[in-house]
Amino acid sequence: MNWRNTLILGVIVLAGVAYFRFFEMKRPSTEEAKRQAQNVVNFDRNKIDGIVIQNGDQKIEIRRRENKWRLETPIKDQADGALVENLLSDLETWQKEGTIPAKDIETDKSKLTEYGLNNPKLKLKLLGRDRPPEILFGKDAAMEGRMYVRFQNSKETFLATQSVKKDIDKKPEEFRDRKLTDLTTAQVRRIALKTPAGEMELEKKGEHWDILKPLRARADH
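Residue numbers (this note's numbering): 36 to 256.
Here it is as structure tokens:
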């Protein structure tokens with residue numbers, strides 16, 4: 036074997052090792068694979084840039100804009116970021132507690148109606164790269180705190196907790212950010228209040244607040 040053949044063989048071996056390591060790193064561990072198989076839905080939350088909730092005739096659309104969540108439909112406003120992130124967290128940890136195979140549904144098509152999944156009122160769609168199919172929410176199950184769910188493109192039905200349903204079965208205004216401002220207390224340096232009784236203006240100096248109007252004085256803190 037001459038040096039050229041040896042070099043080619045070495046390159047092939049190195050390429051094979053690199054290929055193997057790359058795909059081994061990408062492949063989830065056995066424990067992680069089991070967890071993913073038990074999840075109702077698997078997704079990368081960092082790739083999700085929108086959420087659409089269909090609740091009967093009511094459509095609620097929330098979009099990620101510059102790392103903030105905004106209500107787009109039916110009203111335009113700042114969305115409650117903590118509420119949206121909590122929904123994504125609940126989706127990530129949402130586990131199947133039972134499975135009814137698609138073949139069983141095909142055998143008895145009335146089961147979809149029985150489970151409330153033939154034409155469900157409540158639906159959830161995630162928007163973004165590698166998004167999962169739309170999730171359909173059916174009736175509550177006989178087991179307390181459980182319900183039936185399935186994906187839009189599948190008749191396979193799962194028994195799962197009602198946690199995600201509770202997160203999304205809300206009126207549009209419940210998704211609005213209740214804060215008047217994104218400012219923190221530490222960022223506020225001056226406050227002006229106007230009331231029918233008159234005006235008051237305060238300014239923060241160090242750890243203390245001074246009253247500028249109507250009379251200059253040191254305010255309590």
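Ideal Cβ positions, reconstructed from N, Cα and C, are used throughout, including at glycine. None of these values were measured; they are calculated from a predicted model.
ask   = What is the DSSP secondary structure of Ile110, reduced to helix, strand or coil?
value = Looking at Ile110 - three-state DSSP - the assignment turns out to be coil, as it is neither helix nor strand.
message = Can you look up Leu147 in the DSSP assignment and give me helix, strand or coil?
response = Helix at Leu147.
query = Opposite Glu234 in the DSSP bridges: which residues?
reply = According to DSSP, Glu234 bridges with Lys229.
ask   = Taking the Cβ atom as the reference point for each residue, do Val199 and Trp129 lie within a distance shorter than 8 Å?
value = For the pair Val199 and Trp129, the CB atoms are nearer than the 8 Å cut-off.
inquiry  = Does Val199 come out as helix, strand or coil in the three-state DSSP assignment?
reply    = In this structure, Val199 counts as helix in the three-state DSSP scheme.
task = Using a threshold of 8 Å, state whether the C-beta atoms of Asp79 and Arg98 are closer than that.
result = Arg98 is positioned such that its CB atom lies no closer than 8 Å to that of Asp79.
query = Which one of Gln113, Met182, Tyr183 has the shortest CA to CA distance from Lys214?
reply = The alpha carbon of Lys214 has as its nearest neighbour, out of Gln113, Met182, Tyr183, the alpha carbon of Gln113.
key: CB contact flag (Leu123, Phe210, <8 Å)   = Not closer than 8 Å, so no.
ask   = What is the DSSP secondary structure of Val184, counted as helix, strand or coil?
value = In the three-state scheme derived from DSSP, where H, G and I count as helix and E and B as strand, Val184 is classed as strand.
ask   = What is the C-beta distance between Gly133 and Phe186, in whole angstroms, given that I count them as a contact (C-beta under 8 Å)?
value = At roughly 16 Å, the Cβ-Cβ gap does not stay under 8 Å, so Gly133 and Phe186 are not in contact.
Selection from Ile170, Leu171, Gln197, Ile95 that minimises the alpha carbon distance to Glu291 = One cannot answer for residue 291 here, as it falls past the ends of the chain, which runs 36 to 256.
key: Pairwise C-alpha distance: Ile246 and Lys239   = Between Lys239 and Ile246, the C-alpha separation is close to 9 Å.
ask   = In this structure, what does DSSP give as the bridge partners for Asn90?
value = Answer by DSSP bridge pairing, in chain order: Gln93, Leu157.
ask   = What's the call for Ile110, buried or exposed, on a 16-neighbour Cβ count within 10 Å?
value = By the Cβ neighbour-count rule, Ile110 is exposed, with fewer than 16 other Cβ atoms within 10 Å of its own.
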